[in-house]
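Below you'll find the structure, written out as structure tokens, and then a few comments.
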Amino acid sequence: MAEIKTDIEIASESKLEPIVDIAKKCGLKEDEIEQYGKYKAKISFDAIHRLEDKKDGKLILVTAITPTPAGEGKSTVSIGLTQGLNKIGKNSLVALREPSLGPVFGIKGGAAGGGYSQVVPMEDINLHFTGDLHAMTSANNLLSALIDNHIHQGNELRIDERQILWKRVLDMNDRALRNVVVGLGGKVCGFPREDQFMITVASEIMATLCLAEDLEDLKLRLSRMLVAYDLDGNQVTAGDLNAQGAMAMLLKDAIKPNLVQTLENTPALIHGGPFANIAHGCNSIIATKLGLKMSDYLVTEAGFGADLGAEKFFNIKCRLANLNPNAVVVVATIKALKMHGGVNKNNLKEENVEALKAGFSNLERHINNMRKFGVPVIVAVNKFVQDSDEEIKTLINMCEEIGAEVSLCQCWAHGGDGTIDLANKVVEVLDKEKSNFKPIYDEKLSIEEKVNTIVREIYGGRKAVFTSSAMKKIKKLEELGLDKMPVCMAKTQFSFSDDPTKLSAPKDFDITVQEVRVSAGAGFIVCETSNIMVMPGLPKVPAALNMDVDKFGKMSGLF
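Going by this note's numbering, the sequence shown wraps up at 1882, each residue one higher than the last.
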């Protein structure tokens, strides 16, 4: 049996085209890109303005079943589908999120697709890329520094040090920074107070940049971010501190979309990377809208399972950006469905049709949920080597029995050739079915009503239970007129419920909302459930321990 190459080995053997040539493929002029070496570039706003009157292509969302340690391959399928569409003669681009250093060095490893469906240069994309996340970290922490400095220099705004809402960030999994004390060291170091760190991709800066239309809109959004309350309980914003100009200056390049390519030299946009279990989990509006102008079929993805990423894509991103998705692809693997059916992760290589049938309820609920948004649904079965013929046949039959279009994909092993069937089915569905997209709730409803709609309609639960602390925060937001926005649920990705051990499609459960905060710059309200962590920790054996670079700069272990 031939040795299976790692993702980084496959990527390192690929033949990349100069980014100037990739730009020409999607209708960009050479002076409309800013090159970061030979294979990466930023796209200028000159190009965005030139193309803004061009007709939009079709928008295809790729989402997935509830994730398990067995893996689903959502990014891999997104890239593979884009390559497959180009294989059948369609003009297609993919728009993805930027990886975070936290998961890269934590449990996940690289996050640029896999096998022969990757975006490259994957080493750069997974690490510093074009510096976007570093710029966001700096902008966020500049605001933190300005808040503490304002208090130290006399506190003209009468900021209540007990009610500072803004947190510092770092793009790394570092649990030791979850709760800290700043300002120690005496009078010259400021006033001591408790503080917290979040991971950069969970920050409001990330969410705000990804939902901004342009630099001016970004500056306006930054100015209205709520950072604290004063001693009278009035809101204090970044604009009150006059911080928005300097922050926008740090973000002036980060707001421009990044252009790279797939292994098959298909153009790819990678921009923004908000977490989907904490933030809204979608790439930037700017990149998505630009991709729709540059292609006939734009494939994009939303993080984790469809109960998180897809729900937020529809209810937050599409609502705020006035996007009309044309189809949704739900990725499933037989391995993951067997885990939802009760199989231990160490026994997934063994054929188990009964467990597959038991776990199918998870996929079925996601399919039905997507239909509630009025968008046509296609199931992509991401094939693994150990999947048996009987298991494949069983899963396809179950999908067909509930009226779901389904395709077997082999994009990891065969790239675009492995998704030609999926590409054809997506085109067929788009030609014959009209999308009647509509969010599932009115953002003008109360926060409790919006959350309960998601709990019932998407999670399959009974109701949301709000702690007294959460209700107090809700009342405050109502008083300030900040409650009429979409809600962004911060919830475990491993279950429809807020208990990560409840797999498949649990019923008769309640969701506990422990914390409520507003992201006024992004334009949504965050509801944190149970024990969700906004600063993740590293696992017992971090992926970082298997990574290295030799004297020639060649990397290994990056998945």
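Idealized CB from N, CA, C, for every residue including glycine. Predicted model only: the values in this text are computed from it and were never measured.
Check, Outcome
"Stretch-stretch touch, CB-based, cutoff 8 Å, three pairs: the region 1522-1530 with the region 1435-1451", "no"
"Cβ shell of A1629 (< 7 Å), same chain only, five flanking positions each side left out", "T1386, A1387, V1653, H1689, N1692 and M1693"
"Proximity of A1535 and R1547 at Cβ, strictly below 8 Å", "no"
"Through-space distance from K1410 to D1471, alpha-carbon basis", "55 Å"
"For D1833, the three-state DSSP class (helix, strand or coil)", "strand"
"CA nearest to the CA of N1464, picked from K1706, F1832, G1860 and D1518", "D1518"
"Among E1838, S1842 and V1864, the one whose alpha carbon lies nearest that of T1852", "E1838"
"Reduced DSSP secondary structure (H/G/I, E/B, other) of Y1552", "strand"
"Boundaries of the alpha helix (DSSP H) in which V1343 is found, first to last residue", "I1342 to K1348"
"Pair within 8 Å by beta-carbon distance, F1368 and D1576", "no"
"Where K1397 falls: helix, strand or coil (DSSP)", "helix"
"M1812 - partner residues in DSSP beta bridges", "C1850"
"Exposure of E1724, with buried meaning 16 or more beta-carbon neighbours within 10 Å", "exposed"
"Assigned exposure category for I1448 - 16 Cβ within 10 Å defines buried", "buried"
"Beta-carbon proximity list for V1864, same chain, < 6 Å, skipping 5 on both sides", "none"
"Where N1883 falls: helix, strand or coil (DSSP)", "Any answer about residue 1883 is impossible in this case: the structure gives the chain only from 1324 up to 1882."
"CB contact flag (L1351, A1334, <8 Å)", "no"
"Short Cβ contact (8 Å threshold) for N1685 with T1389", "yes"
"Which listed residue (S1337, I1356 and L1339) has its alpha carbon closest to that of A1346", "I1356"
"Neighbour-count burial assignment, K1796, 16 or more Cβ in a 10 Å radius", "buried"
"Residues that DSSP places opposite I1487 in a beta bridge", "A1551"
"Rounded separation between I1430 and R1481 - CA only", "43 Å"
"As assigned by DSSP and simplified to three states, the class of K1877", "coil"
"Spatially closest choice to K1348 from G1880, A1610, V1810 and M1617, by CA coordinates", "M1617"
"For M1324, the three-state DSSP class (helix, strand or coil)", "Confidence is the limiting factor: at M1324 the pLDDT is only 42, short of 50, which leaves the residue's position unreliable, though a coordinate-based value still follows. It is coil, neither helix nor strand."
"Own chain residues within Cβ distance below 6 Å of G1633, not counting five before or after", "Note on residue identity: the sequence assigns Ala, not Gly, to residue 1633. The answer, listed in chain order, is T1386 and A1625."
"Check whether V1443 and V1343 have beta carbons under 8 Å apart", "no"
"Any 3 or more C-beta pairs closer than 8 Å across the region 1806-1820 and the region 1840-1857", "yes"
"For Y1782, three-class secondary structure by DSSP", "helix"
"Short Cβ contact (8 Å threshold) for L1881 with I1402", "no"
"Sufficient close CB pairs (3 or more, under 8 Å) joining the region 1641-1656 to the region 1768-1783", "no"
"Euclidean distance between Cα positions of L1416 and D1483", "48 Å"
"Cut-off 7 Å between Cβ atoms - residues of its own chain near I1571, not counting five sequence neighbours on either side", "It is worth fixing the name first, because residue 1571 is Ala in this sequence and not Ile. Within the same chain, A1571 has close Cβ partners L1538, L1541, K1542 and L1545."
"Contact set for H1457: own chain, Cβ-Cβ below 8 Å, skip 5 residues either direction", "H1451 and D1494"
"Integer-rounded CB distance, given that G1596 should sit under 8 Å from E1421", "4 Å"
"Closest residue to E1687 among E1728, G1556, N1670 and N1667 (Cα-Cα distance)", "E1728"
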